[in-house]
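Engineer: Here it is, the structure in full.
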Amino acid sequence: MIQAALYHRTTYTFDRNVSVHPHIVRLKPAPHCRTPILSYSLRVEPQDHFLNWQQDPQGNFLSRFVFPKPTREFVVTVDLVADMTVVNPFDFFVEESARDWPFAYESWLERELRPFLERTDEGARFAKYLAAIDRAPRTTVDFLVAINLRLQQEIKYLIRLEPGVQTPEETLTLGSGSCRDSAWLLVQLLRHLGLAARFVSGYLIQLKADVESLDGPSGPVADFTDLHAWTEVFVPGAGWIGLDPTSGLFAGEGHLPLACTPDPSSAAPISGAVDQCECEFEHEMRVTRIHEDPRVTLPYDDRRWNAIERLGHVIDERLRRNDVRLTMGGEPTFVSIDDMDGPEWNSAAVGPTKRRLSEALVKRLRRRFAPGGLLHYGQGKWYPGESLPRWALGCYWRIDGVPIWEDETLIADADVRYGFGAAQARQFSQQLARELGVSPRRVRPAYEDVGHYLMREGRLAREIDPRDPRLADPEERDRLRRVYERGLGEPVGFVMPLKRQWWQARARWTSGDWPLRTEHLFLLPGDSPIGLRLPLDSLPPITSPHGDFFPVDPLAPRDPLPPRQRFVAGVPEATSLQGISEQSPLEAPTEADEEPIDDQATTVIRTALCVEPRDGRLHLFMPPVERLEDYLDLIEAIERTAAKLRMPVVIEGYLPPDDPRLRHMKVTPDPGVIEVNVHPSANWDELAASTEALYEEARQVRLGTEKFDLDGRHTGTGGGNHVVLGGPTPADSPFLRRPDLLRSMVGYWNDHPSLSYLFSSRFIGPTGQAPRLDEGRRDAVYELERAFALVPPAGQPCPPWLVDRLFRDLLTDLTGNTHRAEFCIDKLYSPDSSSGRLGLVELRGFEMPPHPRMSLTQQLLIRGLVAMFWERPYVEKPIEWGTLLHDRFLLPEPLRQDFGKVIDDLVEAGLPFERRWFDPHFEFRFPMIGEQFLDGIRLEIRAAIEPWYVLGEEPGGGGTVRYVDSSVERLQVK
48 MIQAALYHRT TYTFDRNVSV HPHIVRLKPA PHCRTPILSY SLRVEPQDHF LNWQQDPQGN
108 FLSRFVFPKP TREFVVTVDL VADMTVVNPF DFFVEESARD WPFAYESWLE RELRPFLERT
168 DEGARFAKYL AAIDRAPRTT VDFLVAINLR LQQEIKYLIR LEPGVQTPEE TLTLGSGSCR
228 DSAWLLVQLL RHLGLAARFV SGYLIQLKAD VESLDGPSGP VADFTDLHAW TEVFVPGAGW
288 IGLDPTSGLF AGEGHLPLAC TPDPSSAAPI SGAVDQCECE FEHEMRVTRI HEDPRVTLPY
348 DDRRWNAIER LGHVIDERLR RNDVRLTMGG EPTFVSIDDM DGPEWNSAAV GPTKRRLSEA
408 LVKRLRRRFA PGGLLHYGQG KWYPGESLPR WALGCYWRID GVPIWEDETL IADADVRYGF
468 GAAQARQFSQ QLARELGVSP RRVRPAYEDV GHYLMREGRL AREIDPRDPR LADPEERDRL
528 RRVYERGLGE PVGFVMPLKR QWWQARARWT SGDWPLRTEH LFLLPGDSPI GLRLPLDSLP
588 PITSPHGDFF PVDPLAPRDP LPPRQRFVAG VPEATSLQGI SEQSPLEAPT EADEEPIDDQ
648 ATTVIRTALC VEPRDGRLHL FMPPVERLED YLDLIEAIER TAAKLRMPVV IEGYLPPDDP
708 RLRHMKVTPD PGVIEVNVHP SANWDELAAS TEALYEEARQ VRLGTEKFDL DGRHTGTGGG
768 NHVVLGGPTP ADSPFLRRPD LLRSMVGYWN DHPSLSYLFS SRFIGPTGQA PRLDEGRRDA
828 VYELERAFAL VPPAGQPCPP WLVDRLFRDL LTDLTGNTHR AEFCIDKLYS PDSSSGRLGL
888 VELRGFEMPP HPRMSLTQQL LIRGLVAMFW ERPYVEKPIE WGTLLHDRFL LPEPLRQDFG
948 KVIDDLVEAG LPFERRWFDP HFEFRFPMIG EQFLDGIRLE IRAAIEPWYV LGEEPGGGGT
1008 VRYVDSSVER LQVK
């Protein structure tokens, strides 16, 4: 709620004492004003006067002043306070008889509206304009919107200081006019079309928008008020509807009608007479915001935000002084601004627009954060019930600022078909082989399995063509259509077995033949890129018990990455493991070079780079590599090849190895949302800059952070805003160096349920999106206490695997899934693989806030708690809440009291947080439904939290949907 104080002062100064005849002042908001007026004051000077309040025949408030003595000054001052609660100008019903235009008033109603149906005689230009109005039948509302918008577009707005109102003929002749001229023109047009209309004089309050508009003008650059004029039309069922032809909008909360009359002359704000004299006229108006409730579009004013930023720097200094080495990333989520009701923005993981919007977003993020970064179009998650894996769009860049991919024009656009086919794919593959020092003869064409598709065709009815759209399964239909349109004898793509001999002194790329039973390479049937359909099971088995792929240990120290390779005659300089040039360049292979470059007698290369023409674009499937240096070297060769051939490409396949020398962000689909995996930030300034930039870039591609329920309740995206904590490298992780930090955070969250529920999504409880440890198991707190006892205190050495072993079986949901827990330690020090030993802890109990500064305040709270626990570990015995957990802490007031204790602890630790900084979060989480004052008692009703439980008898059709019981809502009466 915004309360705006309007001040309006009109001063007439005469050259001598004159008699002021009775005056009529029409400066009190009319009875039908939809904007609540909280207070009103009218003062007139000279104070020696008589005042009579009246109402004219239309019900407008009039104040009639009589002045018994002469005066040299006449002053009228209005002060009012308006509640600028948003008004929906279309919040009305229309009688069935008037639903469609044209319509006729009933006889009794037409009789009462007769003054507002009187037409003036106008000229030829008015008649021509009137005749040009489209009279095609349509809904009355659509007709009113169209005629109002037409005047706004065709009549230029001018500030006209001359008194009086132009005739409609004059306004059309000039093509311009003031607000009162446009309003009177619209009145006459509507009357000539058979609609009752009246002229309105009033106040216009325009407040500066919190957020600039994406679709049109954002309005005034500062808060503004002035006298204004518009039109009202009478529609049965709806009553008088305000139309503002100056802006082309319907009247809203900023339109405060003062006088509504059949003719402009009787709507003047002040009318009267004085003796003949010289007069100076002064006019002053201003609007001031005197109260603003916290709101999601402007949660903090500049003064408060400056205080928050100062604390962010204070916490940075504490973390730096204590050598915490904390980094923070996240996984914010976004929804479409334009299609909030589509399945892909509510429950479906993928849909028709998600990929397009995600690609636009990832390209904007690349330009913002990583010029010279690599765009990777890969495969994402694949859940049970989904026929195909999801996609994942990634952007990777080096932390030293050296570009990975320099020429953005060589990144293929997903909306462009370049016409590339098998011939271009062969040409690219062979040129790339030369760039890598590999014989082009190693490139093999790959074909669809002819036998499989002939057998599949043989199973079809004789009357059905394989490309027939009547095939039941749409995916099978598309698969067969693509295969037969391309032709079974046409290569799908080209495969080059490839491996980097990084263990040799002169590391180089090597290739070899694949010993297959068939002469040609046939792919496995399917829809995936050819790199995922290679017949690897047809190769000789691996004899080594350890395999032939050896990823680098995440905790191993890393040397700085070498600079981009310099190429001589298209051949890379040989480099050592540290990237230092130490030998002469390789000789480029020639077409006559038929012999293998390396010895293939005992080793079969099982990784391959694939080039596939798809939808007119070249897709390059990256092979898995053990070392980041090799991946970057391969990307350099691909870009150089694309530059020589002028062929933009799409990079897909395997991702670069996890490496702290590389940063990345991903854009992926999730049920109902788009999820962005944000790169970690090492300090507050980086965190603030990246968070605000992400929100802005997402908004520019029309991705938002809010939705609305059917009942109008304002909600978040429905997705998470998970916070990921770690260190610059896995070895620097605060949680691996000090396991007691995780113990402190888990214990503190257990003892303060407000941290679990204030920022969480609406789907909470034991089957929720981020269940608390004590929501699923009755003995969880006892088990947690036993685990706490085994955590070494601060300062004592601790093996990195211990923290994972202590908490892995406790920090889970009901099913034992560690990924859905409130504290997710999947990537802390997992025993499964090196990609799970990254020293990361993910806090999943955070929903996407609608404003970046609300998100930053949440993250600042976490940074403050980490700084506090690093200096003062939390060692209190965990509280067993039992049934009190949901009975008490799902109500706003107990939750606010508990959160106040968290703030008090931080203040006691020397971190001056303020409770009011989180008022926007409380207002958004627990919106006020209403309040009532009875006999001096204020009664307030707020929304509370109600757990949603998964319904066992309503299984979802796949792995992306879980049906819940949301039929009950909890309220707090205070």
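Counting from 48, one number per residue, gives the positions in the sequence shown under this note's numbering. All C-beta atoms, glycine included, are put in the ideal place defined by N, C-alpha and C. Nothing here was measured: the structure is a model prediction, and the numbers come from that model.
Run through DSSP, which three-state label would Asn-107 get?
Structural biologist: Note: Asn-107 maps to coil in three-state DSSP.
Engineer: What's the gap between the Cα of Asp-951 and the Cα of Pro-800?
Structural biologist: Going from the Cα of Asp-951 to the Cα of Pro-800 covers about 15 Å.
Engineer: In this structure, what does DSSP give as the bridge partners for Arg-661?
Structural biologist: Paired residues: Arg-664.
Engineer: Looking at the secondary structure, which residues open and close the alpha helix (DSSP H) in which Trp-731 lies?
Structural biologist: Here the alpha helix (DSSP H) through Trp-731 covers 731-747.
Engineer: For a quick check, are the C-beta atoms of Pro-316 and Leu-98 less than 7 Å apart?
Structural biologist: Taking 7 Å as the Cβ cut-off, Pro-316 and Leu-98 do not qualify as a contacting pair.
Engineer: How is the beta strand (DSSP E) around His-423 delimited, first residue to last?
Structural biologist: 421-426 is the span of the beta strand (DSSP E), which, as asked, contains His-423.
Engineer: Taking the beta carbon of Asp-340 as the centre, do at least 16 other beta carbons fall within 10 Å, making it buried, or is it exposed?
Structural biologist: Classification for Asp-340: exposed.
Engineer: Just checking my contact of Val-938 with Met-375 at CB under 8 Å: how many whole Å lie between their CB atoms?
Structural biologist: Note on residue identity: the sequence assigns Leu, not Val, to residue 938. About 31 Å; that fails the 8 Å criterion.
Engineer: Can you say whether Asp-228 is buried or exposed, counting buried as having 16 or more other CB atoms within 10 angstroms of its CB?
Structural biologist: Answer is buried; the Cβ neighbour count reaches 16.
Engineer: Can you tell me whether DSSP reads Lys-546 as helix, strand or coil?
Structural biologist: Looking at Lys-546 - three-state DSSP - the assignment turns out to be strand.
Engineer: Leu-240 to Pro-311, Cα distance in whole Å?
Structural biologist: If I take the Cα positions, the gap works out to 20 Å.
Engineer: Around the Cβ of Glu-169, are there at least 16 other Cβ atoms within 10 angstroms (buried) or fewer (exposed)?
Structural biologist: By the neighbour-count rule (16 or more Cβ atoms within 10 Å), Glu-169 is buried.
Engineer: Identify the residues that DSSP records as bridge partners of Met-375: which are they?
Structural biologist: Paired residues: Ser-728, Leu-772.
Engineer: Kindly indicate which three-state DSSP category Phe-61 falls into: helix, strand or coil?
Structural biologist: Reduced to three states, the DSSP call for Phe-61 is strand.
Engineer: Can the beta-carbon of Gly-224 be found less than 7 Å from the beta-carbon of Thr-218?
Structural biologist: A contact, by the Cβ cut-off of 7 Å.
Engineer: Can you round the beta-carbon distance between Pro-716 and Val-382 to whole angstroms, since I take them to be within the 8 Å contact cut?
Structural biologist: Actually they are not in contact, since the Cβ atoms of Pro-716 and Val-382 sit about 12 Å apart, beyond 8 Å.
Engineer: Grab me the residues of Val-234's own chain with a C-beta within less than 8 Å of its C-beta, minus the 5 sequence neighbours each way, in chain order.
Structural biologist: Cβ within range, chain order: Ala-244, Arg-245, Phe-246, Thr-278.
Engineer: Using the Cβ count rule (16 or more neighbours within 10 Å means buried), how would you classify Tyr-829?
Structural biologist: With fewer than 16 Cβ atoms within 10 Å of its Cβ, Tyr-829 is classed as exposed.
Engineer: What is the C-beta distance between Glu-722 and Thr-380, in whole angstroms, given that I count them as a contact (C-beta under 8 Å)?
Structural biologist: Indeed, because the Cβ distance is near 5 Å, the residues count as touching under 8 Å.
Engineer: When the Cα of Glu-482 is compared with those of Lys-691, Leu-912, Leu-570, Leu-789, which residue comes out closest?
Structural biologist: When only C-alpha atoms are compared, the closest one is Lys-691.
Engineer: Check whether the Cβ atoms of Pro-76 and Leu-198 lie closer than 7 Å to each other.
Structural biologist: No.
Engineer: Among Glu-686, Cys-80, Phe-140, which has the Cα closest to the Cα of Thr-132?
Structural biologist: Nearest of Glu-686, Cys-80, Phe-140 to Thr-132, Cα basis: Cys-80.
Engineer: Whole-angstrom Cβ separation of Asp-130 and Leu-89, contact assumed at under 8 Å?
Structural biologist: Asp-130 to Leu-89, Cβ: 19 Å. No contact.
Engineer: Is the separation between the beta-carbon of Asn-195 and that of Gly-286 shorter than 7 Å?
Structural biologist: It is not a contact, given that the beta carbons lie outside the stated cut-off.
Engineer: Count the other CB atoms, across all protein chains shown, that sit within 10 Å of the CB of Glu-329; report buried if there are 16 or more and exposed otherwise.
Structural biologist: Result: exposed.
Engineer: Hey, is the segment 755-766 in contact with the segment 869-889, meaning 3+ C-beta pairs nearer than 8 Å?
Structural biologist: Counting Cβ pairs under 8 Å, fewer than three are found: no touch.
Engineer: Counting only the same chain and skipping the five closest in sequence on each side, list residues whose C-beta sits under 6 Å from that of Gly-765.
Structural biologist: Answer for Gly-765: Gly-719, listed in chain order.
Engineer: Quick one: what's got a C-beta closer than 6 Å to Val-697's C-beta in the same chain, skipping five residues either side?
Structural biologist: So the qualifying residues of the chain are Tyr-424, Ala-459, Arg-664, His-666.
Engineer: Assuming Ile-362 contacts Trp-731 under a Cβ cut-off of 8 Å, what Cβ separation, rounded to an integer in Å, is found between them?
Structural biologist: 7 Å between Cβ atoms; contact.
Engineer: Within the chosen definition, does the segment 436-450 reach the segment 696-714 through at least 3 CB pairs nearer than 8 Å?
Structural biologist: Yes, since at least three Cβ pairs between the segment 436-450 and the segment 696-714 fall closer than 8 Å, the two stretches touch.
Engineer: Quick one: which unbroken beta strand (DSSP E) runs of 3-plus residues sit fully inside the segment 284-309? Chain order, please.
Structural biologist: You should have 286-291, 302-308.
Engineer: Between the alpha carbons of Phe-61 and Pro-115, how many angstroms are there, rounded?
Structural biologist: Taking the straight line joining both Cα atoms gives about 17 Å.
Engineer: Looking at the unbroken alpha helix (DSSP H) that takes in His-360, where does it start and where does it end?
Structural biologist: Counting along the chain, the alpha helix (DSSP H) containing His-360 begins and ends at 349-368.
Engineer: Which residues in the same chain as Glu-327 place their Cβ atom closer than 7 Å to its Cβ, once the five residues preceding and following it in sequence are excluded?
Structural biologist: Only Thr-60 meet the Cβ criterion.
Engineer: Report all residues from its chain with a CB closer than 8 Å to the CB of Asp-147; omit the five preceding and five following residues, and keep chain order.
Structural biologist: Excluding positions up to five away in sequence, the list reads Pro-184, Arg-185, Thr-186, Thr-187.
Engineer: So Trp-277 is in the alpha helix (DSSP H); what residue range does that whole segment cover?
Structural biologist: Unbroken run through Trp-277 is the beta strand (DSSP E), 271-282; no alpha helix (DSSP H).
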